[in-house]
Each structure stands twice: as structure tokens, then as C-alpha cells.
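Numbering (this note's numbering), first residue to last: 222 to 790.
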């Protein structure tokens, strides 16, 4: 009250007089006012030394005039504020008592300037200032300063609004439709599962997990007609065509085998009869020499096997365990294939020597004859060894069939699945598959020869009812061989992408071979050499045939003697 009575103005009246509006286009961020006169500076320094604290520097208004903040817009548009820099200066003059300070006046300028700038895209920088607070002497100065700071904060918060470039109002940034998560989830409420959850009950949750979980259909691609045809080829077409080819090849091998045992001896007998009848010796042609050579190999092979004691070999093999039987059979099977390949080369060399001997001149007869004899000796050794290998293999199979400890089943399972493992998972071309089918045909014929050997042994040595057991075991062996061949060729064709029509082409080549329709191309022929199987069959059938002949002769003679005794009586 004393301040107003003394004729002095209060701080808000001073602020009202000093506020000036800046120019609307003046957007300078900061402008420091010039200081007052030198007398005011000296008074400030003295006041600071006496009061013991540093007062902030006094700013002078940089511009005169004041621009009122304007608010525009309506509805949903955002309001834009233009707030000029508010600068104020508060002056407080305090006169102390004479006791405290003599003729000392204190003028304190507290300048508070707050500015806040907002930056938008392409917008200008605006600043806002708030009013100053002044206080009188003593403790009222601090209270007035705190009130002034709070007022400045309120004004700055109200003044903060985005402003467009060039004074134009900028609309509020709208939300993109693709980023509106609430709207997207509202439109696609069934995106997290195939089953719509109408409520949160446990039963609905169970159904959702039951129908929305993983299944085989989600992990395996859906097939097409090509896949369907591939399955049908593996299951039906390839096994049928392969078995048809093997059966046809089996009869081709049987024809060659019977020709060796019947037609070749007949040709030799006719040739000898012609020589004896005409009593003129002529140089034989290549076909006759080839027949003579094969007949010598067959005769010496049978004679060599006749000197082998089959019972001794049988008991030696029977004393081995099941695992050893499997090993022995596999070793013999490997040697069988090696002897087949080597025997083919030996016969080709022998036939070449026969052609050279039949067409040579008189000067080279000795050389060609010696070479033919040497090739004949090599052929005899090779096929005798091959015959012994087949005989040992037949005795091993006979041991497994006669044994009562399931040795046959173990042998068939181990041997056949080892064959599948060694062939199926290899990369095979069409030509190699052709050769593999021919090997299976020859193996099927060899198994037939082994079963015939077992039958002959049972006829000679078995006691009691044995035929039913033999028939069951023989059927099991044949069935396993057929199934294993079907599985092997089905998956070979599947893994190597060979169509079933390839087996039909193989059968066509075999038919052309029978008709001699390919005289120049012998690479795709079925090469079967029946000399070694013939030696084994003759060796095992000779006692049976001789025994049957002797039995028939004995019965005839006994009947003859009975007839004569009856007539004599």
C-alpha cells in the first residue's frame, strides 16, 4: 500500500506499459535487447554486491508494439496461434531505512524471457514469451518470481500449436488406412485361424486348435496326374512288364540248355556217322569245330564233378552256422557272376580259333590247330571251376532247405535284401538296366537248376514223406525271388525315371534275338552259357537216370524169370 501511496507504479502496470507487439512477419528466433543507460548499470552492480546474489541480465524490448495472438479456425480444423515475443522488465525500487542503508536505493530488474520454438515440415519458427513477474523488496520478490514462471509455462503450453508455412493452417495429420490396426482387425477378424471363435469357451478353443492345427496336408504338396502315374508304374506296370520279360528270358535259357543236351549231341553224332559212312575225312567247318569244343568241355566238366564227393561237401557246409551259410552263399554267388563274364570271353576266343582253323591254308594248319587246342584247354579249366562253384551253391541251398532251424528263411531274407541294397540306390542308365534284367533271368534259371539238384538228392537219399516239405520250400524260394525282383526293378525305374515301356523294348530285342533279326548287333543279346549248369544237372541226374534204368531192367528180368518158371511148371 505504501508503494502505491508514494506515487510509484506496480510491476504489472510497468509491464502493461512496456509490452509492445512485434511485427507479424518478424520471426527472428532470438533478439537480445540493448541494455539501459550507464547509470542503471552501475545501480545494478551495487545492488548485486549488497544483496549478495546475481540477478539475470536486463533485456530491453527489441521492438515496439504488441501483436495480439489470433485464433482462427473452426470445427475440426486446428487453431493456429501467432504469439510475438513477450518481453517485460520488472523494476522494483526499494528504499531502505536510514538505519540499514543511508540514501541507498535499490533497483532490481528481473528479466524473465521464455521462448519456445516449434518446427514443422516447411513451417516457420515461432517464439512465445510470457509475462514477467515482479516483486517488492525482501521475500515477496521470490514469491512473485515463482508465480511469474508458472504463468509463463501456462502461456507457453497454450501458445504451442503447429502452424503451416506462409501463415496457412495445417490440418491434423491423418492416419493411413493401411496402418490403422483397429480397422484392419475389424475387417479381418478371422485372420488368426480358420475357425471363427464366437466365444471364449474351452470347447470353442478346443475346436479351434483341433481344426486349425498342423496336418499332413499342410506339410505335403498335393500331387498331380504325373505323380499318380508314377505310383501306378511303381506298383503295377513295372512289376508286370519286368516279370513278363524275365519269364520270356527264362524260356530262352531253357531252350539253350535243352539244345546243349539234345541238339548238339545229335549234330555230333550225325557228323561222325557221315564220316564213317563215306570214309572220307574232310576239314570240319567252324560250326562243327565249335560243337566239338563245347562237347569236350561238357564231357570233361561232368567227369570232373563225378570225382567230387557230394556227401563230404554237404556235411562240411552243414556244420557251419547260419551266418556262415549266408556268407558262403554270397561268396559263391559273386564267383558265379565272375565266371559267367569270364566264360563268355573264353567261348568267344574258342569260336574265333575254330573259324581260323577251318579257313586257314595248309601252311598255317599247325599254328591254328595249336591255338585251338590251347583255347580249348582254357575253356575246360574255366568251365570246370564254374561248375564246381554252382555245385557248391546248390549244396548250400540244399543244406538250408533240409535244415530245421529256419536257415533257409534267414538265407533268403539276408541275401535278397542285400541285393536290393546293392542295386536300388545306385544311378543306373537304361543300358545298365538292360544288362541287370538279363542277370536276373540267368539267376532265375540257376535257382531252378539248384532246386532240381535238391529234388534229385531227396529222391536218392531222403526217407519218409519229404515231397510236401520240398514243395513248400521250393515255392518259398521262387516267391521270394519274384517279389525281390519286382521291388528292385520298380524302385530302380522310379529313382532313375525310367518308364515301363523300356521293359517292353527289352522284350522286343529278345524276340528279335530269337528270330535272328539282328545279325550285326549282338550287344543287346541275352548271353547265357549253359555249360556249367548242364554239368551240374548231368552230375546230379546221372545216378537217378542210371538207377531208374537199372530198376527198370531189374523188374523186367524178374518178371521174365517168373514167366519162365510158370511155363516150366
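Glycine is no exception: its CB is placed at the ideal position from the N, C-alpha and C atoms.
Because the structure is a prediction, the values reported are computed rather than measured.
Cβ neighbours of residue 485 within its own chain (closer than 8 Å, five residues either side excluded): 512, 515 and 516. In this model, residue 675 and residue 538 are separated by some 15 Å (Cα to Cα).
Each of 572, 582, 619 and 578 was checked against the Cα of residue 599, and the nearest Cα belongs to 572. Inclusion of residue 523 and residue 759 in the CB contact set at 7 Å is warranted, their separation being smaller than that value. Counting along the chain, the unbroken alpha helix (DSSP H) around residue 461 starts and ends at 459–479. Contact check for residue 473 against residue 714 fails: the beta carbons are separated by 7 Å or more.
Here DSSP, grouped into helix, strand and coil, assigns residue 561 to helix.
According to the DSSP assignment, residue 528 belongs to no alpha helix (DSSP H), since it is labelled neither H nor E.
The stretch 451–466 makes contact with the stretch 721–737, as at least three CB pairs between them are under 8 Å. The three-state secondary structure of residue 505, taken from DSSP, is coil. Of all C-beta pairs linking the stretch 633–652 to the stretch 698–718, three or more are shorter than 8 Å, placing the two stretches in contact.
Here DSSP, grouped into helix, strand and coil, assigns residue 541 to coil. C-alpha of residue 745 to C-alpha of residue 656: approximately 8 Å in a straight line. The closest CA to that of residue 717, considering only 623, 613, 644 and 542, is found on 644.
Under a 10 Å Cβ-count criterion, residue 689 is classified as exposed, with fewer than 16 other Cβ atoms of the shown protein chains found around its own Cβ. Per DSSP, the continuous alpha helix (DSSP H) segment holding residue 497 begins and ends at 485–499.
Taken in chain order, the whole beta strand (DSSP E) runs of length 3 or more contained in the stretch 670–752 number zero. Of all C-beta pairs linking the stretch 556–569 to the stretch 481–500, fewer than three are shorter than 8 Å, placing the two stretches out of contact.
Residues 510, 589, 590 and 593 of the same chain have their beta carbon placed closer than 7 Å to that of residue 578, with the five preceding and five following residues left out of the count. Inclusion of residue 727 and residue 658 in the CB contact set at 7 Å is warranted, their separation being smaller than that value. Setting aside the 5 residues that flank it on each side, residue 694 is surrounded in the same chain by 622 and 629, each with a C-beta closer than 7 Å to its C-beta; the list follows chain order.
With a 10 Å radius around the Cβ and a threshold of 16 neighbouring Cβ atoms, residue 504 comes out exposed. The beta-carbon separation of residue 574 and residue 557, rounded to 26 Å, does not stay under the 8 Å limit for a contact. In this structure, residue 666 places its C-beta atom within 7 Å of the C-beta atom of residue 471. Residue state for residue 649 is assigned as coil, using DSSP reduced to three classes. The residue from 750, 495, 432 and 673 with its alpha-carbon nearest to that of residue 763 is 673. Sequence-distant partners of residue 443 (beyond 5 residues in either direction) whose C-beta falls short of 6 Å from its own C-beta are missing from its chain.
Your pair residue 478 and residue 751 checks out as a contact, with CB atoms roughly 4 Å apart and the cut at 8 Å. The straight-line gap separating the alpha-carbon atoms of residue 642 and residue 712 is approximately 11 Å. CA-CA distance, residue 671 to residue 761, rounds to 10 Å. Less than 7 Å separates the beta-carbon of residue 605 from that of residue 525.
The three-state secondary structure of residue 663, taken from DSSP, is helix. With respect to the 7 Å criterion, residue 563 and residue 603 are classified as neighbours on the basis of their beta carbons. For the pair residue 435 and residue 424, the Cα-to-Cα distance works out to about 19 Å.
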